[in-house]
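So the sequences go chain by chain: A and B. Heads up: the first sequence at position 123 corresponds to 108 in the working numbering, and the numbers run straight through without jumps. Heads up: the second sequence at position 73 corresponds to 58 in the working numbering, and the numbers run straight through without jumps. Built from N, CA and C at the ideal position, the CB exists for glycine as well. One structure below.
Protein chains: 2
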Amino acid sequence: MPNSISTFAIGIDIGGTTTKFGIVTSDGKILHHDKISSTQFADINLFIEELYKKIFPLIEHYGGIKHCVGIGVGAPNGNYYSGTIEYAPNLIWKGIIPLAFLIQQKFGIKTLLTNDANAAAVGEMIYGIAKNIKHFITITLGTGVGSGIVIDGKILLGHDGFAGELGHTIIRHNGRLHKGTGALGSLESYVSASGVKETALEFLANDIHKTSLLNNYSTNELTSQVVYECAINGDEIANKVFEFTGEILGEALANFVMFSSPEMIVLFGGLANAGELLMKPTKEAMEKNLLPIFRNKVKLVFSSLPEADAAILGASALVWKK
Amino acid sequence: MPNSISTFAIGIDIGGTTTKFGIVTSDGKILHHDKISSTQFADINLFIEELYKKIFPLIEHYGGIKHCVGIGVGAPNGNYYSGTIEYAPNLIWKGIIPLAFLIQQKFGIKTLLTNDANAAAVGEMIYGIAKNIKHFITITLGTGVGSGIVIDGKILLGHDGFAGELGHTIIRHNGRLHKGTGALGSLESYVSASGVKETALEFLANDIHKTSLLNNYSTNELTSQVVYECAINGDEIANKVFEFTGEILGEALANFVMFSSPEMIVLFGGLANAGELLMKPTKEAMEKNLLPIFRNKVKLVFSSLPEADAAILGASALVWKK
Chain A
-14 MPNSISTFAI GIDIGGTTTK FGIVTSDGKI LHHDKISSTQ FADINLFIEE LYKKIFPLIE
46 HYGGIKHCVG IGVGAPNGNY YSGTIEYAPN LIWKGIIPLA FLIQQKFGIK TLLTNDANAA
106 AVGEMIYGIA KNIKHFITIT LGTGVGSGIV IDGKILLGHD GFAGELGHTI IRHNGRLHKG
166 TGALGSLESY VSASGVKETA LEFLANDIHK TSLLNNYSTN ELTSQVVYEC AINGDEIANK
226 VFEFTGEILG EALANFVMFS SPEMIVLFGG LANAGELLMK PTKEAMEKNL LPIFRNKVKL
286 VFSSLPEADA AILGASALVW KK
Chain B
-14 MPNSISTFAI GIDIGGTTTK FGIVTSDGKI LHHDKISSTQ FADINLFIEE LYKKIFPLIE
46 HYGGIKHCVG IGVGAPNGNY YSGTIEYAPN LIWKGIIPLA FLIQQKFGIK TLLTNDANAA
106 AVGEMIYGIA KNIKHFITIT LGTGVGSGIV IDGKILLGHD GFAGELGHTI IRHNGRLHKG
166 TGALGSLESY VSASGVKETA LEFLANDIHK TSLLNNYSTN ELTSQVVYEC AINGDEIANK
226 VFEFTGEILG EALANFVMFS SPEMIVLFGG LANAGELLMK PTKEAMEKNL LPIFRNKVKL
286 VFSSLPEADA AILGASALVW KK
């Protein structure tokens, strides 16, 4: 046995394009990282076969099954109660997939599954910036907007396991169309990577005579990263895009605070890399929209964990906690 | 001793105008009801003196202090953790009032306090329509809009005891001014009794040439009750007022469902008396704004408890549960 560790867990984070996994110790060290494609295997059994081919040799390497306490999985629309992925719009497997059961059957190792955003929240609670905090919310600002809500030290699941879909709450009545869900004015249609791109295109169209660095990019090239770079280079429209995005996010966060009164809100995901450019207007809008009894109480922070690690750590923590 | 009951609790419900209280048995029978004014005693000590004068003889009548398990109080902006009322806009006592401490000191009986809407939710959970339901939300549609959120059978308090201020969440960006809080577009400014009145006045002003039964009432006379009566008498504008109110309430409820995924939402308070007139547009708007995974799952119902009883029962249950 190459290592002196006695036990370890497997954490798997299934995303729309990539599935990342790691061998994790109980104190949150990721001994080994790897990934496979989430889109290459249209048959879920072939996907699990591929996972097995990659992960099983690692399990052997670190001491074999008897040293593995379990497999934890985070996945979009993952349901902790049933261990299934249900109608995930961003995954290629449609309908209800009994993923925990299939993995457990293949590996012969106890497997638990939860929503990917919930897994990230568990990662923050056990290993990240929300350590020892009993009431907090994590918001993932990536391709989509995910959320994990922690109440009294436990992930909020709701009566059916689907609680915490804050990206789909309506923040602008009859607002922007969400192409995936058909909703009008949902948070995700504004404060996701594609939302930022859409805002930039709208602002450019409305201000067609204004010079902007953004005009140097084709619609295909214009990503939220490009908007960020133009903004830090002083571009007025690009800066307005982040102000607008932060204003909407902050208003939504105020509503969330008046629901569960968390001590902390943790932002992470690609858009969180915009730093103060996003944080400043977000915090201002949040405080402005809060009832006075909630003002200047909530710690609004960025995650301290590498983005990929939070979900792997949190997924692995599912089995450590049991 | 006139009764064979061995123990009882006192439930007190402090409202903006009236404070109601009752002697309650462990199975939720209110043996005696009474009330005093909430506005007549600007000095909180005189208010407690008056409560004592009314309640202490009842305690004696039902067997004395040794048979009383405690006093439970529901009050606007009541904080369970600290036992204080903090900056309640609708009460005459300003600042932070250590109410539980003052009552306990006066009566010599253990006293617990919580938010009035939370007390009502506890009443529903133990004695009402939400019996045995572990995840639900109560919404009080009265002078204001209150809410009590139950997660896993427990009232959601948040890190500081102030969770569940759903009436103050923003539902219309830059919408109607809330005179009490200064917020623009908060739920309470639309779906409260005064919100309904304001909507009616707006609709009348916008449709000045239309005949409406509502035109027979002065602004002072035009209450939400009058709008209701005109609506059931077929008045078009009055009916539109309830459609508009229900649409906003339903959209807000959808957001709440996507937060905590409750099994049930219980509506009560004066406006709930509008019945189907309010329920139909509310339910339609809620379902329309929900992600598919939440649709047709949430039981949207009216409270089965008399309005005054829910809060008294819930307040008394605070001490039974301990």
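Residue-level contact to chain B via CB, residue i, 9 Å cutoff
i: A:Lys139; result: yes
i: A:Ser179; result: no
i: A:Asn100; result: no
i: A:Ile(-1); result: no
Closer than 9 Å to chain A by CB, residue i
i: B:Glu71; result: yes
i: B:Ile82; result: no
i: B:Thr230; result: no
i: B:Ile134; result: yes
i: B:His46; result: no
i: B:Phe188; result: no
i: B:Asn62; result: yes
Selection from the options that minimises the alpha carbon distance to residue i
i: A:Pro83; options: A:Glu232, A:Gly93, A:Gln210, A:Leu97; result: A:Leu97
i: A:Val243; options: A:His158, A:Ile122, A:Thr(-8), A:Ile21; result: The sequence shown places Met at residue 243 of chain A, rather than the Val named in the question. The shortest Cα separation from A:Met243 among A:His158, A:Ile122, A:Thr(-8), A:Ile21 belongs to A:Ile122.
i: B:Asp12; options: B:Lys116, B:Tyr37, B:Gly59; result: B:Lys116
i: A:Val54; options: A:Met249, A:Gly93, A:His163; result: A:Gly93
i: B:Val286; options: B:Leu238, B:Ala302, B:Leu303; result: B:Leu238
i: B:Glu269; options: B:Leu162, B:Phe227, B:Asp101; result: B:Phe227
i: A:Gly127; options: A:Val181, A:Gln90, A:Ala300; result: A:Val181
i: B:Val176; options: B:Phe147, B:Val107, B:Gly254; result: B:Gly254
i: B:Ser289; options: B:Phe279, B:Ala257, B:Ile278; result: B:Ala257
i: B:Ile156; options: B:Met264, B:Leu198, B:Leu262, B:Asn240; result: B:Asn240
i: A:Ala295; options: A:Gly57, A:Lys282, A:Ser179; result: A:Gly57
Cβ-based burial, residue i [other Cβ within 10 Å; buried from 16]
i: A:Leu76; result: buried
i: B:Pro266; result: buried
i: B:Lys5; result: buried
i: A:Pro42; result: exposed
i: B:Leu142; result: buried
i: A:Asn205; result: exposed
i: A:Ile193; result: exposed
i: B:Asp28; result: exposed
i: B:Ile50; result: exposed
i: B:Glu34; result: exposed
i: A:Tyr47; result: buried
i: B:Asp19; result: exposed
i: A:Thr80; result: Residue identity differs from the one stated: residue 80 of chain A is Gly in this sequence, not Thr. Its Cβ having fewer than 16 others within 10 Å, A:Gly80 is exposed.
i: B:Glu150; result: buried
i: A:Thr196; result: exposed
i: B:Gly260; result: exposed
i: B:Tyr112; result: buried
i: B:Ala190; result: exposed
Chain B contact residues for residue i, given Cβ-Cβ distances below 8 Å
i: A:Arg157; result: His158
i: A:Ala168; result: Asn274, Leu276
i: A:Glu236; result: Ile155, His158
Beta-carbon neighbours of residue i, restricted to chain A and to distances below 8 Å
i: B:His153; result: Met243, Leu276
i: B:Gly240; result: Reading off the sequence shown, one finds Asn at residue 240 of chain B, where the question assumed Gly. By Cβ distance, chain A contributes Thr154, Ile155, Asn240.
i: B:Phe147; result: Ser246, Ile278, Phe279
i: B:Glu109; result: None at all; the shortest Cβ gap to chain A is about 15 Å.
CB contact below 9 Å: residue i versus chain E
i: A:Thr267; result: Here the protein chains are A and B, and chain E is not one of them.
Neighbouring residues, chain B, relative to residue i (Cβ below 7 Å)
i: A:Lys119; result: His144
i: A:Lys282; result: Asp145
Within chain A, partners of residue i - CB distance below 7 Å
i: B:Glu150; result: Met243, Leu276
i: B:Glu173; result: Chain A residues near B:Glu173: none, gap ~10 Å exceeds 7 Å.
Check: residue i C-beta below 8 Å from any heavy atom of the ligand ATP
i: B:Val286; result: Summarising the ligand content, the structure contains no ligands, and the ligand ATP is consequently not present.
Subject >> Within the stretch 203 to 260 of chain B, ranges of the alpha helix (DSSP H) (whole runs, at least 4 residues) >> reply: 209 to 217, 221 to 245
**OP:** Identify every run of the alpha helix (DSSP H) within the stretch 80 to 137 of chain B, keeping only runs that are complete inside it and at least 4 residues long; order them along the chain.
**Re:** 84 to 92, 101 to 112
Original post:
Taking only runs of the alpha helix (DSSP H) that begin and end inside the stretch 128 to 201 of chain B, which ones reach a length of at least 4 residues, in chain order?
Top reply: Within the stretch 128 to 201 of chain B, the complete alpha helix (DSSP H) runs of at least 4 residues are 173 to 176, 178 to 191.
Subject >> Those runs of the beta strand (DSSP E) which lie wholly inside the stretch 28 to 65 of chain A and span at least 3 residues >> reply: 53 to 60
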